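**Student:** Residue numbers (the numbering used here): 76 to 306.
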Amino acid sequence: MYVVVNAAQSVDGKLATRRREQLRISGSEDFDRVDRVRAAADAVLVGVGTVLADDPHLTLDEEDRRVERLRNGRAGDPARVVVDSTGRTPTDARVLDDAATTYLLVSGATDRERREELADAGAEVIVAGEERVDIATGLDALADRGVDRLMVEGGGEVIFSCFAAGAVDELHVYVGSLVIGGRDAPTLADGTGFTDEFPDLTLTGTEALDDGVVLSYEVEDGDSGSSAQPM
């Protein structure tokens, strides 16, 4: 599986304020770029924190891109994936509608009754891990379901876990022209953090969009040996 991480952050590396409320960091030009990246993916992955904070739909914005996917024999929208260890995704979340397939990665800590509720609401529930979702196991399960190219949109806990699992192939970061601050504000990669070994990034491109810049990287070696898992 080829994994592309995409995120927007402030100059000081924050994804949102300390209140973890939805915040517009980029503009229309970057939104269109993100839509293109989504259109190229088989599935789009977020953590449950993003679902609870933003209630995203995770479908394509441009109808022409949806039509082009259909012409190529693909689903109109990429599948949606939520990493949710304890089954906190609301049953009325927009990602559970019938606009696209939705996979919910949960752990064994999510009881059977809750899994059934989420399945009834529209999710295909996949158990990956005992107490918390194991990213590597979850990605293997998605690959078995035909996901060859995965776009990861956040948040910081999930992004860190993907790097810790050595799963990331590309990273695209939009850096907006604002400072958010706050020691408790989420960053691009939260989790426990790396201490001895670090993902090896190679800058492959820069692009000025809106009032910011997109930094693109290849990830040479994302395997840190960390066992950190997302919430």
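Glycine is no exception: its CB is placed at the ideal position from the N, C-alpha and C atoms.
Model, not experiment: these values are computed from the prediction.
Would you give the residue range spanned by the alpha helix (DSSP H) that Arg224 belongs to?
**Tutor:** Not the alpha helix (DSSP H): Arg224 falls in the beta strand (DSSP E), residues 224-229.
**Student:** Taking DSSP as the reference, what is the three-state secondary structure of Ile255?
**Tutor:** Looking at Ile255 - three-state DSSP - the assignment turns out to be coil, as it is neither helix nor strand.
**Student:** Which residues does DSSP pair with Asn147 in a beta bridge?
**Tutor:** Note: Asn147 sits in no beta bridge, so no partner.
**Student:** Would you kindly check if the distance between the Cβ of Arg144 and the Cβ of Ala175 is under 8 Å?
**Tutor:** The answer is no: Cβ separation not under 8 Å.
**Student:** Cβ of Gly230 within 8 Å of Cβ of Gly124?
**Tutor:** Taking 8 Å as the Cβ cut-off, Gly230 and Gly124 qualify as a contacting pair.
**Student:** Taking the alpha helix (DSSP H) that Thr212 belongs to, which residues open and close that run?
**Tutor:** Where Thr212 is concerned, the enclosing alpha helix (DSSP H) stretches over 210-219.
**Student:** Quick one: what's Ile100 bridged to in DSSP?
**Tutor:** Per DSSP, none; premise fails for Ile100.
**Student:** Using three-state DSSP, classify Glu295 as helix, strand or coil.
**Tutor:** Here Glu295 sits in strand by DSSP.
**Student:** Do the CB positions of Ser252 and Arg207 come within less than 8 Å of each other?
**Tutor:** No; because the gap between Cβ atoms is not below 8 Å, this pair is not in contact.
**Student:** In the DSSP output, what is Gly122 paired with across the bridge?
**Tutor:** Gly122 is bridged to Val158.
**Student:** Any contact of the stretch 130-141 with the stretch 274-286, i.e. 3+ C-beta pairs under 8 Å?
**Tutor:** The answer is no - the stretch 274-286 does not touch the stretch 130-141, with fewer than three Cβ pairs under 8 Å.
**Student:** Going by DSSP in three states, Glu206 sits in which element: helix, strand or coil?
**Tutor:** Glu206 falls in the coil class under three-state DSSP.
**Student:** Thinking Ala82 and Asp105 are a contact (beta carbons under 8 Å), I'd like their distance in whole angstroms, please.
**Tutor:** About 11 Å separates the two Cβ atoms, so there is no contact after all.
**Student:** Kindly identify the DSSP beta-bridge partner or partners of Gly280.
**Tutor:** Beta-bridge pairing links Gly280 to Ser291.
**Student:** To the nearest angstrom, how far is it from the Cα of Asp152 to the Cα of Met226?
**Tutor:** One C-alpha to the other measures close to 13 Å.
**Student:** Let me know if Arg111 comes out buried or exposed under the rule of 16 or more other beta-carbons within 10 Å of its beta-carbon.
**Tutor:** It is exposed - the Cβ of Arg111 has fewer than 16 other Cβ atoms within 10 Å.
**Student:** Am I right that Phe235 and Gly266 are in contact with their C-beta atoms under 8 Å? What's the rounded C-beta distance?
**Tutor:** Contact flag correct, Cβ pair sits at about 3 Å.
**Student:** Give a yes or no on whether the C-beta atoms belonging to Val202 and Val181 are separated by under 8 Å.
**Tutor:** It is a contact, given that the beta carbons lie within the stated cut-off.
**Student:** Expressed to the nearest angstrom, what Euclidean distance is found between the alpha-carbon atoms of Val249 and Arg220?
**Tutor:** For clarity, residue 249 is Tyr in the given sequence; the question names Val instead. Rounded to whole angstroms, Tyr249 to Arg220 spans 30 Å at the Cα level.
**Student:** If I measure Cβ to Cβ from Val79 and keep anything under 6 Å in the same chain, skipping five residues before and after, which residues do I get?
**Tutor:** Here the set comprises Met226, Glu245.
**Student:** Might you give, ordered along the chain, the residues of its own chain that have their beta carbon closer than 7 Å to the beta carbon of Asp259, omitting 5 neighbours on each side?
**Tutor:** Around Asp259: Arg93.
**Student:** Does Ala239 come out as helix, strand or coil in the three-state DSSP assignment?
**Tutor:** Residue state, collapsed to three classes: helix.
**Student:** Grouping DSSP H, G and I as helix and E and B as strand, with all else coil, what is Ala82?
**Tutor:** Note: Ala82 maps to strand in three-state DSSP.
**Student:** Between which two residues does the alpha helix (DSSP H) containing Leu193 stretch?
**Tutor:** From DSSP, the alpha helix (DSSP H) with Leu193 extends over 187-195.
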